[in-house]
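What follows is a single structure, written as structure tokens, with notes after it.
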Amino acid sequence: MHFQHFLSLVFLVWQKVSAGDVLNICMDAKHHKTNPGPEDNLHGQCIPWKENACCTSNTSLEAHKSMSYLYTFNWHHCHPLGFPKMSERCLRHFIQDTCLYECSPNLGPWIRKVDSSWRKERILFVPLCKDDCQQWWDDCRLDYTCKSNWHKGWNWTTGTNQCPKNTHCLRIDRVFHTAKDLCENIWSNSFKFTDHDNTSGRCIRMWFDSGKNPNGAVAHLYAKEMGLLSARLFEEQRAIAIPPV
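In mature numbering (1 follows the signal peptide of the UniProt record, and there is no 0), the protein residues as written are -19 to -1, 1 to 226.
Structure below.
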């Protein structure tokens, strides 16, 4: 009897700890740490995550570079075709987007398994605040791109992304007609545009000032609504494979 009671207690403790993973977890991807933790030397736009991060200092530094070793991705892909480089005001949002993806430990409710050569998990339908999406679009709308989905379809023959043949560089506001288009389509539905503002507590902030991370409470809210505070349900959802991108 005592042994059975002990096993029951062990199971309850395990269930509580495992359920907590959804609120403090790093996805199984290319550069993420195995577990989140403090990182005192995060760089630039990634600094707000220093108290609890899934990225290393070096990853945060590389996130600020075009064609860095992280993904050899060229933000200025229209420049070789005679168009201006991406503006600093626009680039800032893509760096913040990269920091959120690489550093955040609060994306657990939206992590899904993926059959990909370069990562085992990705995020899907993370609810972004409308203010952040709108500002991203406003600051980038006069910049240029040749693609409406930046996850796939590039010409990688030189080792970095180039515009595919028979594509043309257009202003971003002609490729992504609204902030919703930009946030949802640029990374294959990694993000979902919401009608919630950044003070609502119901949407993920793409970036925030150093200090208390508001996204932890948002992750808890969604995990509760989605029933993911049960360890079993969280693991079942996380295990659902989706097509690679």
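For every residue, glycine included, the Cβ atom is placed at its ideal position computed from N, Cα and C.
Since we're looking at a predicted model, the values are computed, not measured.
| Item | Value |
| --- | --- |
| Should G208 go down as buried or exposed, given a rule of 16 or more other Cβ atoms within 10 Å for buried? | exposed |
| In whole angstroms, what is the alpha-carbon distance linking L4 and Y82? | 15 Å |
| Please report the distance separating the alpha-carbon of N170 from that of W117. | 16 Å |
| One question on the structure: do N22 and S38 come within less than 8 Å of each other, judged by their Cβ atoms? | yes |
| State the start and end residues of the unbroken alpha helix (DSSP H) segment that holds I167. | Run containing I167: none; DSSP gives neither H nor E here. |
| Are the CB atoms of T175 and P108 within a distance shorter than 8 Å? | yes |
| Reducing DSSP to helix, strand and coil, say where E83 ends up. | helix |
| Got a sec, what are the start and stop residues for the beta strand (DSSP E) L202 sits in? | It is not in any beta strand (DSSP E) - L202 instead sits in the alpha helix (DSSP H) that spans N196 to E206. |
| What does the Cβ neighbour count give for H58, buried or exposed, with the cut at 16 atoms within 10 Å? | buried |
| Below 8 Å on the Cβ atoms is my contact criterion, and I expect D119 with R186 to pass it. Report the Cβ-Cβ distance as a whole number of Å. | Actually they are not in contact, since the Cβ atoms of D119 and R186 sit about 17 Å apart, beyond 8 Å. |
| Do you know whose CA, among Y125, C121 and H132, lies nearest C150's CA? | Y125 |
| Let me know the secondary structure DSSP gives residue 284 once reduced to three states. | Within the shown structure, residues of the chain are numbered from -19 to 226, placing residue 284 beyond reach of any answer. |
| Report, in whole angstroms, the separation of the C-beta atoms of A10 and E69, which I expect to be a contact under 8 Å. | The Cβ separation is near 27 Å, so there is no contact. |
| Please name the residue or residues paired with F174 in a DSSP beta bridge. | L109 |
| Would you call the CB atoms of N179 and C110 closer than 8 Å? | yes |
| Taking the alpha helix (DSSP H) that E43 falls in, what are its first and last residues? | S38 to E43 |
| Return helix, strand or coil for E69, following the three-state DSSP convention. | helix |
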